[in-house]
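Below is one structure, written out as structure tokens; comments come after it.
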Amino acid sequence: MKKLKDHDKARCALLVCDMLNDFVKDGAALEVPRAKAIISNIKKELQKARKNHNPIIYCCDAHKNMDTEFNLWPRHAVKGTDGAQIIKQLQPHKQDYRVDKTSYSCFYKTSLDRLLKKSGITHLTITGVVTNICILYTAADAYMRGYKVMIPDNCVAALTQREHQFALQQMKRIFHADVISGS
8 MKKLKDHDKA
18 RCALLVCDML
28 NDFVKDGAAL
38 EVPRAKAIIS
48 NIKKELQKAR
58 KNHNPIIYCC
68 DAHKNMDTEF
78 NLWPRHAVKG
88 TDGAQIIKQL
98 QPHKQDYRVD
108 KTSYSCFYKT
118 SLDRLLKKSG
128 ITHLTITGVV
138 TNICILYTAA
148 DAYMRGYKVM
158 IPDNCVAALT
168 QREHQFALQQ
178 MKRIFHADVI
188 SGS
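Residue numbering for the sequence shown follows this note's numbering, beginning at 8 and increasing consecutively.
Structure below.
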């Protein structure tokens, strides 16, 4: 009997983090200027995940109207507003999942970990914004929960290139993420 290798046993999921109108649209409340540049790369990851029948999970800020996070950041992604909607270029299919979040990590006080465990997921590909905030803290929580993390560097964006590079380095060195260089 053939022994399964790690990658043979892997069950992967794709996370699309905060690709919302309030982060991507021109002039949005918390616009990430480089977010538009990663849309086509995320589309490729979505196609790959669908082809491989891997679950796709959209993790989305869904803040309360008077969220304490607005003491630090401009008011953004308030639940039920247009700003909290997934951008039209990356609209989910009906079999995809949406997990609302109110903090940086997609795991913090959400149903994400339960959903992943129920689906037998062992590996996560994380895409979206912001590299040094939500992506970094989600990768940290994923690592601490035993998931293997992959970050395609052309599918994540930060407010500055310096912050982007710092976060990629942290995820690679500290959380043993596979940071895949895109073309």
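Idealized CB from N, CA, C, for every residue including glycine.
Taking a cut-off of 8 Å for Cβ pairs, the segment 149-167 and the segment 125-138 touch, as three or more such pairs fall below it. Contact annotation, F114 with T145: C-beta distance approximately 7 Å; criterion of less than 8 Å satisfied. Short of 8 Å from the beta carbon of T117, and not among the five residues preceding or following it, lie these beta carbons of its own chain, in chain order: C66, V106, D107, K108. DSSP places V31 in the helix class (H, G or I) of the three-state scheme.
When C-alpha distances from L166 are compared across H100, A56, K95, A44, the shortest belongs to A44.
Note that the segment 48-56 does not touch the segment 119-128; fewer than 3 beta-carbon pairs, one per stretch, sit closer than 8 Å.
Boundaries of the beta strand (DSSP E) harbouring T134: 130-136, taken from the DSSP string.
Per DSSP, M157 is one residue of the beta strand (DSSP E) stretching across 155-159.
Within the same chain, I158, D160, L175, K179 come within 6 Å of V186 by CB-CB distance, once the 5 residues on both sides are set aside. Annotation note: the segment 54-111 contains the following uninterrupted beta strand (DSSP E) runs of length 3 or greater, listed N- to C-terminal: 63-68, 104-108.
Assigned with DSSP and collapsed to three states, L22 falls in strand.
For the pair M26 and I49, the CB atoms are nearer than the 8 Å cut-off. The C-alpha of A164 is placed about 6 Å away from the C-alpha of V137. Here D89 is exposed. Its C-beta has fewer than 16 other C-beta atoms within 10 Å. Checking the DSSP bridge columns, you'll see V186 partnered with I158.
Going by C-alpha positions, H183 is about 30 Å away from Q102.
Sorting F173, L22, A42 by C-alpha distance to the C-alpha of N28 places A42 at the top. Short of 6 Å from the beta carbon of G34, and not among the five residues preceding or following it, lies no beta carbon of its own chain.
In the three-state scheme derived from DSSP, where H, G and I count as helix and E and B as strand, A147 is classed as helix.
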